[in-house]
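Comments concern the structure below.
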Ligand code: 5GP
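Structure representation (structure tokens):
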């Protein structure tokens with residue numbers, strides 16, 4: 004899909020928001036929902052999405068929603084750091100299929116990094132163990148402040 008297009012409310016993240024499919028939820032407030040990426044590029048890979056949005060990407064988003072999204076990303080990233088003690092954190096966001104985007108509801112990736120540990124492939128790695136994802140979600144959730 005290109006940068007242009009119509010929002011499809013059947014996308015995976017819209018379905019997670021409606022509670023139609025499960026996710027290892029980390030944090031939720033009135034603006035954002037955070038949950039574990041089931042195909043993690045690193046242990047603790049977390050996604051943050053706006054709850055009230057029909058933006059496919061960053062370019063489409065209302066500035067007020069975007070402002071609340073980045074505040075949510077910072078809050079969750081701080082919790083990831085507190086829970087997992089990484090050496091660094093990658094925060095990424097893709098716009099358009101050729102840029103690597105595969106789910107067309109705006110979202111940000113929070114990916115912890117450790118010195119000497121290679122980054123897994125984006126969407127190309129294996130599925131995480133559900134019990135491990137749930138445990139990580141609980142660890143990160145406990146550090147939200
Ligand atoms: P994107 O490629 O659009 O930046 O990121 C989409 C993310 O959604 C990927 O990292 C991918 O692992 C994740 N993903 C793919 N399928 C599912 C799913 O069924 N449930 C959830 N929670 N995430 C998914």
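Numbering (our numbering), first residue to last: 4 to 148.
A virtual CB, placed ideally from N, CA and C, is assigned to each residue, including glycine.
- Between the region 120 to 133 and the region 40 to 47 there are three or more C-beta pairs closer than 8 Å, enough to call the two in contact.
- Between the C-alpha atoms of residue 61 and residue 9 there is a straight-line separation of about 14 Å.
- For the set 14, 20, 114, the Cα lying nearest the Cα of residue 82 is the one of 114.
- Cα atoms of residue 11 and residue 17: separation of roughly 9 Å, rounded to the nearest angstrom.
- In the three-state scheme derived from DSSP, where H, G and I count as helix and E and B as strand, residue 81 is classed as helix.
- In the three-state reduction of the DSSP assignment, residue 121 falls in the coil class.
- A direct Cα-to-Cα measurement between residue 88 and residue 95 gives close to 19 Å.
- Linking residue 124 to residue 136 through their CA atoms gives a straight-line distance of about 18 Å.
- Judged by DSSP in its simplified three-state form, residue 115 adopts strand.
- As a beta-bridge residue in DSSP terms, residue 30 pairs with 37.
- Cβ contact annotation for residue 147 (same chain, cutoff 6 Å, sequence separation greater than five): 30, 82, in chain order.
- Ranked by Cα distance from residue 34, the options 55, 77, 7, 5 are led by 55.
- Comparing C-alpha distances from residue 108 to each of 46, 48, 53, 7 shows the shortest one belongs to 53.
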